[in-house]
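What follows is one structure encoded as structure tokens, with my remarks underneath.
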Amino acid sequence: IYGPGVKANFQNMMRFLCKGIPLPLGAIHNKRSFVALDNVTDLIVTCLDHPAASNQVFLVSDDEDLSTTELLRRMARALHAPARLVPVPAWLLRTTAKFLGMSGFSQRLCGTLQVDISKTRSLLGWAPRVGVDQALDGTARHFLDQNKR
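Take any residue in the sequence shown, count from 1 to its spot, add 1067: that is its number in our numbering.
Next comes the structure, spelled out in structure tokens:
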């Protein structure tokens, strides 16, 4: 989940991009599902009111899966910062991370993790109301406003 005020790895990614730090993530061809906070809250409100939502489990995403490389490029664009992405092969990143005892971290960067929201779409008639680029723009604006100080 990302949006204004996001912390942890997402916030670190924005810091690195704003500083123009070269990142070895220019050749990651994974697919990851992300979800903007606005889309999560919209789905929750939909579930509260929709009769078919009772006792169901729903998956949620922005319905546009991105590679780590694409996420970094689009976030950099939202931040008006350069995306200095060095094309290091994923296998080399995973091997290096394993050697350093950081296999979990490399899995989050290089691994694929997608969710299928077709049940959410069909049963509730729900679709994400905020697109990825719009949500990234809002996240970036908040980050930049908070880091002016």
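Ideal Cβ positions, reconstructed from N, Cα and C, are used throughout, including at glycine.
Would you mind sorting residue i into buried or exposed? The rule is 16 or more other CB atoms within 10 Å of its CB.
{"i": "Trp-1158", "result": "exposed"}
{"i": "Ala-1075", "result": "exposed"}
{"i": "Phe-1101", "result": "buried"}
{"i": "Arg-1099", "result": "buried"}
{"i": "Ser-1121", "result": "exposed"}
{"i": "Ala-1194", "result": "exposed"}
{"i": "Ser-1185", "result": "exposed"}
{"i": "Val-1112", "result": "exposed"}
{"i": "Thr-1187", "result": "buried"}
When you compare the CB positions of residue i and residue j, do they come within less than 9 Å of one another, or not?
{"i": "Leu-1190", "j": "Phe-1125", "result": "yes"}
{"i": "Asn-1079", "j": "Arg-1196", "result": "no"}
{"i": "Val-1153", "j": "Pro-1071", "result": "no"}
{"i": "Ala-1150", "j": "Arg-1140", "result": "yes"}
{"i": "Leu-1167", "j": "Thr-1135", "result": "no"}
{"i": "Leu-1138", "j": "Val-1127", "result": "no"}
{"i": "Ala-1202", "j": "Ala-1103", "result": "yes"}
Can you look up residue i in the DSSP assignment and give me helix, strand or coil?
{"i": "Arg-1099", "result": "strand"}
{"i": "Leu-1167", "result": "coil"}
{"i": "Leu-1126", "result": "coil"}
{"i": "Leu-1203", "result": "helix"}
{"i": "Leu-1092", "result": "coil"}
Nearer than 8 Å: is that true of the beta carbon of residue i relative to any heavy atom of the ligand GDP?
{"i": "Lys-1165", "result": "Questions concerning the ligand GDP fall outside what the structure shown contains, since it holds no ligand whatsoever."}
Among the residues of its own chain, which have a CB less than 7 Å from the CB of residue i, if the five just before and after it don't count?
{"i": "Gly-1178", "result": "Asn-1097"}
{"i": "Pro-1156", "result": "Ala-1094"}
In the DSSP assignment, the alpha helix (DSSP H) including residue i goes from what residue to what residue?
{"i": "Asn-1214", "result": "Careful: Asn-1214 lies outside any alpha helix (DSSP H) and carries neither H nor E."}
{"i": "Phe-1077", "result": "1075 to 1086"}
{"i": "Glu-1137", "result": "1135 to 1146"}
{"i": "Ser-1185", "result": "1185 to 1191"}
Excluding sequence positions up to five away, which residues of its chain have a Cβ less than 8 Å from the Cβ of residue i?
{"i": "Leu-1221", "result": "Lying before the first or after the last residue shown, residue 1221 is absent from the chain, which here runs from 1068 to 1216."}
To which residues of the same chain is residue i closer than 6 Å at the C-beta, ignoring the five residues directly before and after it?
{"i": "Cys-1062", "result": "Because the chain spans 1068 through 1216 in this model, residue 1062 falls outside it and cannot be assessed."}
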